[in-house]
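Asks: Next up is a structure, given as structure tokens.
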Amino acid sequence: MATTLYSVTMSLDGFIAGPGGDMSWLAEYSGPDPTVDALIDRVGALLVGNRTFGGDDPHRGTEKEGKAFGGGWEGPEFVLTRRAPATPVPGVTFVGDLDSGVALAKAAAGDKYVNILGASIARQCLDAGVLDEIIVFIVPVLLGDGVRLFDHPGGTNVRLERLDLTHTSQTTNLRLRVLR
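Numbering (my numbering), first residue to last: 19 to 198.
Structural data, given as structure tokens:
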């Protein structure tokens, strides 16, 4: 059975995108990382939020633009949206609700990870009790504003267990299990 994983790069002050969803800051931190390379090999499907799917791309203007993990991964993508495009997108299935998206992505992933992309969909998965793990690639930059890693108005207490902590010259990588 597939494991659901929210993988994300975050600034030291807790932002995964800058103001307006800007992802350009991320480009300089997308260098070689053995943790990322190992993760890519274990991803069987993507579950992507609609804003992430149609949003800014840190690889804009390069041959890597629009490709998962900058072109390092290929496979089935499931985008959660209420407004699927009229024209089909090759390799992408648009789904209208979280339960269907998770079920389809898990079936496609087999015994690999369903990699979740997007803060809103990650929060929805966490709220629904279907998020298993989180891996955060923390980079040495302060953005000051933007999209937070996890935002829950009114607060909440989500218990996590540290599974792994690694470092590269550009990132600190923290992998956690969601405790239920």
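Glycine residues also receive a C-beta, built at the ideal position from the N, C-alpha and C atoms. Computed from a predicted model, the values in this text were never measured in an experiment.
#1: Got a sec? Which residues, its chain only, sit under 7 angstroms from T189 by beta carbon, not counting five neighbours each side?
#2: From V26 to W43, what distance separates their C-alpha atoms?
#3: Which one or two residues does DSSP pair with A123 in a beta bridge?
#4: Report the partner residues of E92 according to the DSSP bridge assignment.
#5: Just to confirm the assignment, what range does the alpha helix (DSSP H) spanning R141 have?
#6: Give the range of the alpha helix (DSSP H) segment to which T53 is assigned.
#7: Could you work out which residue in I152, G93, V97 is closest to N191 when comparing CA atoms only?
#8: Can you round the beta-carbon distance between R195 and E179 to whole angstroms, since I take them to be within the 8 angstroms contact cut?
#9: Quick one: using the 10 Å Cβ neighbour count with 16 as the cut-off for buried, is G38 buried or exposed?
#10: Tell me the DSSP bridge mates of V33?
#11: Would you mind working out which of V159, A121, N133, F33 sits nearest V54, comparing C-alpha positions?
#12: With burial defined as no fewer than 16 other Cβ atoms inside 10 Å of the residue's Cβ, what is the status of E92: buried or exposed?
#13: Helix, strand or coil for R177 per DSSP?
#14: Using the C-alpha atoms, what's the distance from V165 back to D115?
#15: Would you call M19 buried or exposed, if buried means 16 or more other Cβ atoms sit within 10 Å of its Cβ?
#16: Can you name the start and end residues of the beta strand (DSSP E) that V107 belongs to?
#17: For M28, which residues in the same chain have their Cβ closer than 8 angstroms to its Cβ, ignoring the five residues on either side in sequence?
Replies: Let me lay it out:
#1: Hits under 7 angstroms: Y47, D51, F155, I156, V157.
#2: Distance from the CA atom of V26 to the CA atom of W43, rounded to whole angstroms, is 14 angstroms.
#3: In the DSSP assignment, A123 is bridged to no other residue.
#4: E92 has no beta-bridge partner at all, per DSSP.
#5: Unbroken alpha helix (DSSP H) run through R141: 137 to 146.
#6: Start and end: 52 to 60.
#7: Per the Cα distances, I152.
#8: Contact flag correct, Cβ pair sits at about 5 angstroms.
#9: Looking at its Cβ environment, which holds fewer than 16 other Cβ atoms inside 10 Å, G38 is exposed.
#10: Note that residue 33 is Phe in the sequence shown here, rather than Val. Beta-bridge partners of F33 (DSSP): R166.
#11: Closest option to V54, Cα to Cα, is N133.
#12: By the neighbour-count rule (16 or more Cβ atoms within 10 Å), E92 is not buried but exposed.
#13: DSSP places R177 in coil when its eight states are reduced to three.
#14: Approximately 22 angstroms, taken between the alpha carbons.
#15: Its Cβ having fewer than 16 others within 10 Å, M19 is exposed.
#16: Looking at the DSSP string, V107 is not in any beta strand (DSSP E), and its letter there is neither H nor E.
#17: Counting only Cβ-Cβ distances below 8 angstroms, and skipping sequence neighbours, we find I34, V154, F155, I156, V157, L167.
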